[in-house]
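Asker: Each residue of the sequence shown is one higher than the one before, starting from 28 at the first, in my numbering. Yeah, the Cβ is synthetic: ideal placement off N, Cα and C, and Gly gets one too. Let me give you the structure first, and then I'll get to my questions.
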Amino acid sequence: MSRARQHVLGRAAVSGVLAALVAGAMGVMAPAAVAAVAADDVDPPSAPVVSSAEYPDDGDWHDGVGRYGTFVIDSASDDVVSYRYSWLGAATKTLVPAEPGGPVSLRWMPEREGVTYLQVQALDAAGHLSARTTYYVEVREGRPAVTHWDPQQPSGAVAGTGTTLDASGPSGTQLASAAALDGTDEGYLSLDTALDTSDTFSLDAWVRPDTPTGDATAVSRSSGLALGAVTDPASGAPVWSFTVPTRDGGTAQVTGGAPEAGEWAHLAGVYDAEQQSVRLYVNGTSVGTAENVQAAGGTGALRLGADGNGGHWHGLLTDVNVWDRVLVAKEAGEAAQRSAQRLGYWDLETATDGSSPAYAGGEPLTLAGDAAIHTDSDDCAWNPDCTPATYPLWGAGDLLLDGDGDYASTPTAVTPTDAGFSVTAHARVDPATADHDMTVLSQPGAHTNLFTLRYVAASQTWEAVVAHEDRAGAPTTTVSAPADWAASSDEHLALVYDEKADQLRLYIGGGYPAATASVAGADAWTPTGALQVGRTLTPDGGTDYLAGAIDEVHTYAGVLTQTQINQLGGGGIDI
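Encoded structure:
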């Protein structure tokens, strides 16, 4: 869609919002400081005039998210004592001129692209409110980084001998490669940038420590600017940090979140000179803010992987960006996103020679025992004496299991990334015969199961169990929720192991998680066995065979979102 077309549609949408506003919603109360007023002053002041050099109301698009602009508000009337304004119908605020009839200035930073508007009214000494002025602003997306580095776009960076550029980037992103730094004096890169730390700026990077320590710098400058990890004085443990040098010779530091060995993290630091604040985002979430900060000026090259004072980075590093603007919360969240990667999808519509094929990659499911693809499609619409067929859970077929040695398996194992893993399936269990535990999906390792997703008969619950290590007797985390037989014996089940959030989530029938549990301190490990459908495989053989049906099995490396899980519950296959 062209920018001109977007402008027309955006203005039309905003006009619809304006039509719904209640007349006079901005209020008509005069300031308490107003004293005597001439009795014959009955005319309202002239409507304000708004102007902005950065964001003119000229029907064009202007720069942009994360960039402040000045808006001058003035009125031809010389008795105006205040101006009332609001953005996009939000809460009304007041600005008071230095002297009656004078102009006022408003500083504003857009946090999203698109069409917005500023509404202003002038108030005179008699308490009269002017007509409302509506000033439209068309905001572009945020400016790109002024400096960027990754191994595919080196930007002239100079690397030390302790740095190699052939490591893999974080899975689930478009970053194919990363630098590996060995933690020595020569494990660094030097990157030129025009960044001046006395003004608003933002910087971010993807980092993965091999050995988390409290003295590890990912991005720094000799002035004292640093993004990386420090030691928390309270706990003695390493925490992520963003440090900005200040004009008084000190530093402002924000910390939060814990580095973990072998796990990627996205770090973003923001200094907002207008608000005099320093903010740190870890994996897209704000973990803290320092206020009343006046950053010291400084220029010069950035040092990636070291701070010049022994704070060496031992691990991987990629996608370093520097902006001359605020990186807003939405952008920080988007920059940290990692997409789940599909490992396998089995629609269970057909089977040939005892195998049901995978859809778009993955090995087929091999059917064992009396397991079969069920495709009943009898139509009783015109025959009231017939017995209605049991239809497949989804589509034209599903996997029918009798609970007596039936199951299916595939060599396409669930292999987590450092972000975690996700599995989903439709399942049907007849509550009248559900008198024993029955497994929907399980993933064996050498000694135990990475996860087991099952029905527990004694408590009539759906349950997921995750083992923290691949060893006999390993600690486990369990999450469960009631099986609502009154609603349906057919359920869409999803298990998500979110390693970044240290959380296990169980979804039943879509919507919000039915249950969650903390898995802090645990790491998902890589299993070696074949994925099991309809049973649990132990060193002593198969157990907990399911009597019922299973359909639409999906497995992912990484974390599915709630929206994606709901889509899969409706038969979505292109996630």
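1) Give the DSSP-derived three-state secondary structure of E490 in the structure shown.
2) If you draw a straight line from the C-alpha of G277 to the C-alpha of G371, how long is it?
3) Helix, strand or coil: which one does DSSP assign to T590?
4) With the cut-off set at 8 Å, would you say T224 and G324 are in Cβ contact?
5) By the three-class DSSP mapping on this structure, what secondary structure does G585 have?
6) Tell me which same chain residues have a C-beta within less than 7 Å of the C-beta of P391, skipping the five on either side of it?
7) Check whether the Cβ atoms of S575 and L394 sit closer than 8 Å, and answer yes or no.
8) Which whole-angstrom value is the C-beta distance of V271 and V320, which I expect to be below 8 Å?
9) Let me make sure I understand the geometry here. Which of D106, L522, H453, V185 has the alpha-carbon closest to that of A544?
10) Nearest to D231 by CA position, among G255, D242, Q179, is which residue?
11) On the three-pair Cβ rule with 8 Å, is the segment 208-218 touching the segment 185-198?
12) Taking only the alpha-carbon atoms, compute the straight-line gap between T553 and T479 and give it to the nearest angstrom.
13) Bridge partners of Q179, per DSSP?
14) Can you give the Cα-Cα distance for D621 and H474, rounded to whole angstroms?
15) Between A333, I535, G327, which lies nearest to S507 when the distance is taken from Cα to Cα?
16) So with Cβ pairs under 8 Å, would you call V297 a contact of chain C?
17) Does the distance from the CB of L331 to the CB of L343 come in under 8 Å?
18) When the distance is taken between beta carbons, is V107 closer than 8 Å to S78?
19) Across which residues does DSSP place L294 in a beta bridge pair?
20) Checking 8 Å against the spacing of the C-beta atoms, do P286 and P236 come in under that value?
21) By the three-class DSSP mapping on this structure, what secondary structure does L595 have?
22) Within 10 Å of its beta-carbon, does D374 have 16 or more other beta-carbons around it, so buried, or fewer, so exposed?
23) Can you have a look at V560 and say buried or exposed, based on whether 16 or more other CB atoms are within 10 angstroms of its CB?
Answerer: On the basis of the supplied data:
1) Locating residue 490 in the sequence shown gives position 463, counting from the first residue. In the three-state DSSP reduction, E490 falls in the strand class (E or B).
2) In the sequence shown, counting from the first residue as 1, residue 277 sits at position 250. In the sequence shown, counting from the first residue as 1, residue 371 sits at position 344. Those two C-alpha atoms are separated by around 53 Å.
3) Here residue 590 is taken as the residue at index 563 of the sequence shown, counted from 1. If DSSP states are grouped into helix, strand and coil, T590 belongs with the helices.
4) For the purposes of this step, residue 224 is taken as the residue at position 197 of the sequence shown. For the purposes of this step, residue 324 is taken as the residue at position 297 of the sequence shown. Taking 8 Å as the Cβ cut-off, T224 and G324 qualify as a contacting pair.
5) Numbered from 1 along the sequence shown, position 558 holds the residue referred to as residue 585. Shown here, G585 sits in coil according to DSSP, grouped into three states, outside any helix or strand.
6) What you label residue 391 is simply residue 364 of the sequence shown in a count that begins at 1. Excluding residues within five positions, the ones whose Cβ falls inside 7 Å are S382, S383, P384, A385, T437.
7) Residue numbering aside, residue 575 sits at position 548 when the sequence shown is read from its first letter. Residue numbering aside, residue 394 sits at position 367 when the sequence shown is read from its first letter. Here residue 575 turns out to be Gly, not Ser, going by the sequence shown. Result no, Cβ atoms of G575 and L394 do not sit closer than 8 Å.
8) The residue you call residue 271 lines up with position 244 of the sequence shown. The residue you call residue 320 lines up with position 293 of the sequence shown. Beta-carbon to beta-carbon, V271 and V320 are separated by about 6 Å, close enough to satisfy the 8 Å threshold.
9) For the purposes of this step, residue 544 is identified with residue 517 of the sequence shown, where counting begins at 1. Nearest C-alpha to A544 among D106, L522, H453, V185: L522.
10) Stepping through the sequence shown from its first residue, residue 231 is reached at position 204. When C-alpha distances from D231 are compared across G255, D242, Q179, the shortest belongs to G255.
11) Contact between the segment 208-218 and the segment 185-198 is present, because at least three Cβ pairs lie under 8 Å.
12) The residue labelled residue 553 in the question sits at position 526 within the sequence shown. The residue labelled residue 479 in the question sits at position 452 within the sequence shown. The straight-line gap from Cα to Cα measures roughly 15 Å.
13) The residue given as residue 179 occupies position 152 in the sequence shown. Partner(s): none; Q179 has no beta bridge.
14) No answer is possible for residue 621: it lies beyond the span of the chain, which begins at 28 and ends at 602.
15) Start at 1 with the first residue of the sequence shown, and residue 507 comes out as number 480. Cα-wise, what sits closest to S507 is I535.
16) Of the protein chains in the structure, only one exists, and it is not chain C.
17) For the purposes of this step, residue 331 is taken as the residue at position 304 of the sequence shown. For the purposes of this step, residue 343 is taken as the residue at position 316 of the sequence shown. Not a contact, by the Cβ cut-off of 8 Å.
18) By 1-based counting over the sequence shown, the position of residue 78 is 51. By 1-based counting over the sequence shown, the position of residue 107 is 80. No, Cβ-Cβ distance for S78 and V107 is not below 8 Å.
19) Within the sequence shown, the letter at position 267 stands for residue 294. L294 is bridged by DSSP to A232, V309.
20) Looking up residue 286 in the sequence shown gives position 259. Looking up residue 236 in the sequence shown gives position 209. The beta carbons of P286 and P236 sit closer together than 8 Å.
21) Position 568 of the sequence shown, counted from the first residue, corresponds to residue 595. Here L595 sits in helix by DSSP.
22) Mapped onto the sequence shown, residue 374 falls at position 347. Buried.
23) Stepping through the sequence shown from its first residue, residue 560 is reached at position 533. By the 10 Å Cβ count, V560 comes out buried.
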